[in-house]
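Residue numbers for the sequence shown follow full-length UniProt numbering, so the first one is 1 and each next one is one higher. Data first, discussion second: the structure below is written as structure tokens.
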Amino acid sequence: MSFGFKNKRRHFDNDEEYGHRQPFRRNYHDDREKRSGPGGWKAPRREAQGKKKKWEGELIEQFEVVESPDKPRKYTVSIAVPASILVETCIKDSLRTYVVGQIARAANIYSVDEIVVYDDKCWKKDITSKAEIEDFIEMMQVLLEYQECPQYLRKHMFQFHHHLKNVGVLNALNSPHHLRVNQWCEYREGVVLEKSNKSVSYVDIGLSTDVSINQALQPGLRVTVQLPPEAQEMKRPYGSVVSPNEPREKAGYYWGYTVRVANSLSEVVAGSRFPDGYDLLIGTSDKGDDVRKVTFPEFTHALIVFGGVEGLESAIEADTDLEATEPSHLFDFYVNTCPLQQTRTVRTEEAVLISLCQLQDKLIGAQ
Numbered sequence: 001m002s003f004g005f006k007n008k009r010r011h012f013d014n015d016e017e018y019g020h021r022q023p024f025r026r027n028y029h030d031d032r033e034k035r036s037g038p039g040g041w042k043a044p045r046r047e048a049q050g051k052k053k054k055w056e057g058e059l060i061e062q063f064e065v066v067e068s069p070d071k072p073r074k075y076t077v078s079i080a081v082p083a084s085i086l087v088e089t090c091i092k093d094s095l096r097t098y099v100v101g102q103i104a105r106a107a108n109i110y111s112v113d114e115i116v117v118y119d120d121k122c123w124k125k126d127i128t129s130k131a132e133i134e135d136f137i138e139m140m141q142v143l144l145e146y147q148e149c150p151q152y153l154r155k156h157m158f159q160f161h162h163h164l165k166n167v168g169v170l171n172a173l174n175s176p177h178h179l180r181v182n183q184w185c186e187y188r189e190g191v192v193l194e195k196s197n198k199s200v201s202y203v204d205i206g207l208s209t210d211v212s213i214n215q216a217l218q219p220g221l222r223v224t225v226q227l228p229p230e231a232q233e234m235k236r237p238y239g240s241v242v243s244p245n246e247p248r249e250k251a252g253y254y255w256g257y258t259v260r261v262a263n264s265l266s267e268v269v270a271g272s273r274f275p276d277g278y279d280l281l282i283g284t285s286d287k288g289d290d291v292r293k294v295t296f297p298e299f300t301h302a303l304i305v306f307g308g309v310e311g312l313e314s315a316i317e318a319d320t321d322l323e324a325t326e327p328s329h330l331f332d333f334y335v336n337t338c339p340l341q342q343t344r345t346v347r348t349e350e351a352v353l354i355s356l357c358q359l360q361d362k363l364i365g366a367q
């Protein structure tokens with residue numbers, strides 16, 4: 001049998017192939033003297049540094065500028081999701097991780113600014129201990145925070161955690177604030193480094209060099225940094241720390257979401273991080289009104305609440321701190337975002353994606 005190279009093989013006689021070959025001997029002493037001479041190790045190091053500087057220079061010239069949307073947005077959209085879905089609909093941690101990842105993806109696609117993880121008091125009968133419940137709530141919180149964090153900051157912000165063992169199944173968010181090293185944006189997320197001193201802080205913002213900030217900040221703190229236009233061509237750029245809301249409010253960037261934990265449905269509504277609370281409360285259920293017939297008034301902070309397997313009705317009934325006994329008494333709008341569904345039930349992670357898709361135009365139109 002021929003493999004295509006047999007006829008091309010060259011044959012040598014012993015004298016031709018081996019006659020002039022000398023045995024290999026290495027003079028270690030002589031070699032050591034050459035390498036230990038003046039500049040013996042420094043030359044290759046200087047060469048490597050030169051290549052690095054040349055590469056950094058080429059990188060700066062090749063920056064891909066991320067254009068500002070130039071559509072400032074003052075209003076916010078929050079969603080609330082029960083942690084009980086990690087038990088009711090998933091049988092192992094890898095599936096739970098994937099489900100949380102789907103919720104995070106949906107939130108990013110439709111510009112959600114806050115995700116509230118809450119305890120709807122509707123757990124399986126075999127989940128009875130407080131420790132188990134808190135562990136599942138923590139799992140959803142940690143995974144959501146991990147996925148929202150830009151990749152270059154995760155090494156600073158997250159140590160090994162047992163809830164992160166399956167993060168390989170997560171799909172990347174590719175959010176506007178998840179910038180690559182060759183992308184230039186006037187805003188970047190960063191973390192304050194240990195080498196900071198009393199007058200200057202150094203921040204890792206995912207570029208080839210750290211950025212200096214003229215104020216003392218606590219090492220390990222995550223910050224939003226605004227860069228001046230001239231910093232793009234600086235070898236040692238500088239910037240200033242701004243509010244994480246500024247990219248959204250001034251330039252119109254979607255800048256990720258925050259995560260809040262609530263111990264009950266009543267705490268979801270009452271524990272708002274906004275001084276004036278939520279001024280538009282929306283509940284979702286297959287028993288709600290057809291979303292196509294609903295029009296929202298102007299609002300500043302909207303909250304969309306999702307129920308678990310047993311629905312929002314069961315969560316309201318299980319919360320003893322709520323005065324409302326009917327969903328219509330708690331929410332401004334109680335809507336069915338999938339009125340034509342052909343399945344017996346819609347999973348919560350599916351409901352999040354469907355609802356945000358159906359509600360987005362209505363929320364924008366209310367402004």
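Here a beta-carbon is modelled for each residue, glycine too, at the ideal position from N, C-alpha and C.
With a contact defined as Cβ atoms closer than 8 Å, His156 and Gly220 qualify at about 7 Å. Distance between Asn336 and Glu230, taken at the CA atoms: about 50 Å. Taking C-beta atoms as the reference points, Thr284 and Ala351 count as a pair closer than 8 Å. Leu173 is positioned such that its CB atom lies no closer than 8 Å to that of Gln141. Shown here for Lys121: same chain residues with a beta carbon closer than 6 Å to its own, the five before and five after excluded, namely Ala318 in chain order. Rounded to whole angstroms, the gap between the alpha carbons of Tyr75 and Val192 is 29 Å.
DSSP places Lys287 in the strand class (E or B) of the three-state scheme. Beyond the five residues adjoining it in sequence on each side, Arg105 comes within less than 7 Å, by CB distance, of Asn171 and Leu173 in the same chain, given in chain order. Trp184 is bridged by DSSP to Val65. Per DSSP, reduced to three states, the secondary structure at Val335 is strand.
Within the stretch 136–212, the complete beta strand (DSSP E) segments of 3 residues or longer fall at 187–192 and 201–204, listed in chain order. In the structure shown, the three-state DSSP call for Tyr253 is coil. Here the C-alpha atom of Lys195 lies approximately 30 Å from the C-alpha atom of His162. Below 8 Å, enough C-beta pairs join the stretch 107–127 and the stretch 241–261 to call them touching: three or more.
Asp290 and Ile213 have their alpha carbons spaced roughly 52 Å apart.
Secondary structure within the stretch 261–306: the beta strand (DSSP E) runs of 3 or more consecutive residues, fully enclosed, are 280–290 and 301–305 (chain order). By DSSP's assignment, Ile115 forms a beta bridge with Ile79 and Val259.
Shown here, Gln226 sits in a strand according to DSSP, grouped into three states. Ranked by Cα distance from Glu310, the first of Ser201, Lys165 and Val87 is Val87. Apart from sequence neighbours up to five positions away, the residues of its chain that approach Phe331 with a beta-carbon distance below 8 Å are Leu281, Ile282, Gly283 and Val305, ordered along the chain.
Here Val346 carries a coil assignment [DSSP, helix/strand/coil]. Per DSSP, the continuous beta strand (DSSP E) segment holding Tyr238 begins and ends at Tyr238 to Val242.
Here Gly168 is exposed, its C-beta having fewer than 16 other C-beta atoms within 10 Å. Taking C-beta atoms under 8 Å as the contact rule, Gln226 and Glu186 qualify, at a distance of about 6 Å.
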